[in-house]
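Presented below is the structure to which this report refers.
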Amino acid sequence: MKIYDFVHRRRGRVLLTAIAAPKTEWASPLEAMQGALGHEQKVTAAINALVELSRAEGDHATASFLQWYVDEQVEEEEIVDAAIQKLRRIGDFGPGLYMLDKEMGEQAGGEGEAGEEDAS
Numbered sequence: 000m001k002i003y004d005f006v007h008r009r010r011g012r013v014l015l016t017a018i019a020a021p022k023t024e025w026a027s028p029l030e031a032m033q034g035a036l037g038h039e040q041k042v043t044a045a046i047n048a049l050v051e052l053s054r055a056e057g058d059h060a061t062a063s064f065l066q067w068y069v070d071e072q073v074e075e076e077e078i079v080d081a082a083i084q085k086l087r088r089i090g091d092f093g094p095g096l097y098m099l100d101k102e103m104g105e106q107a108g109g110e111g112e113a114g115e116e117d118a119s
């Protein structure tokens, strides 16, 4: 809603269209996380393109607004990459996968504050 609200505050128009359903079947946890990293990299590229366009248009307000997303994507890619590195070390070791799953669940549960700045 943050982007939606920003566009409306700037007297813009938001057009919501259908998007394809994401992949839901993965051969392994590692493959799933690699898919997640690829998705985060696509999101980063899209945000970077918007930043470049806003700068080219001299739209400093939008460039400033987008900086939060630029910073957030650095963090998101770092988190997913760290999980990939852990999965590579763990391999198919069940107890290691269990511990990583528990760790990631706790991290996700501790993000209550992020909901206040809904980035959707």
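Each residue of the sequence shown is one higher than the last, beginning at 0 in numbering that gives the first Met the number 0. Quick reminder that beta carbons are idealized off the backbone N, C-alpha and C, glycines included.
C-alpha gap between residue i and residue j, whole angstroms
i    : j   : result
L86  : Q40 : 19 angstroms
V65  : I46 : Strictly speaking, residue 65 in this sequence is Leu, with Val absent from that position. Distance between the alpha carbons of L65 and I46 is about 7 angstroms.
Y68  : R12 : 20 angstroms
A58  : L49 : Note that residue 58 is Asp in the sequence shown, not Ala. Approximately 11 angstroms, taken between the alpha carbons.
D100 : H38 : 20 angstroms
A134 : F92 : Since the first residue shown for the chain is 0 and the last is 119, residue 134 is missing from the structure and cannot be characterised.
Burial state of residue i (16 or more Cβ within 10 Å)
i    : result
A82  : buried
T16  : exposed
T61  : buried
M0   : exposed
A107 : exposed
A35  : buried
M98  : exposed
Neighbourhood of residue i by C-beta, 7 angstroms cutoff - its chain only, sequence neighbours within 5 removed
i    : result
A113 : Residue placement at A113 cannot be trusted, given a pLDDT of 44 that sits under 50; the coordinates are not used to answer.
T43  : Q72 and E76
G95  : I89
Q33  : I83
Same chain only: Cβ atoms within 6 angstroms of residue i, ignoring 5 sequence neighbours per side
i   : result
P28 : L86
Are there three or more Cβ pairs, one per stretch, closer than 8 angstroms when the segment 3–20 is compared with the segment 66–83? The segment 3–20 makes no contact with the segment 66–83; the number of CB pairs closer than 8 angstroms stays below 3.
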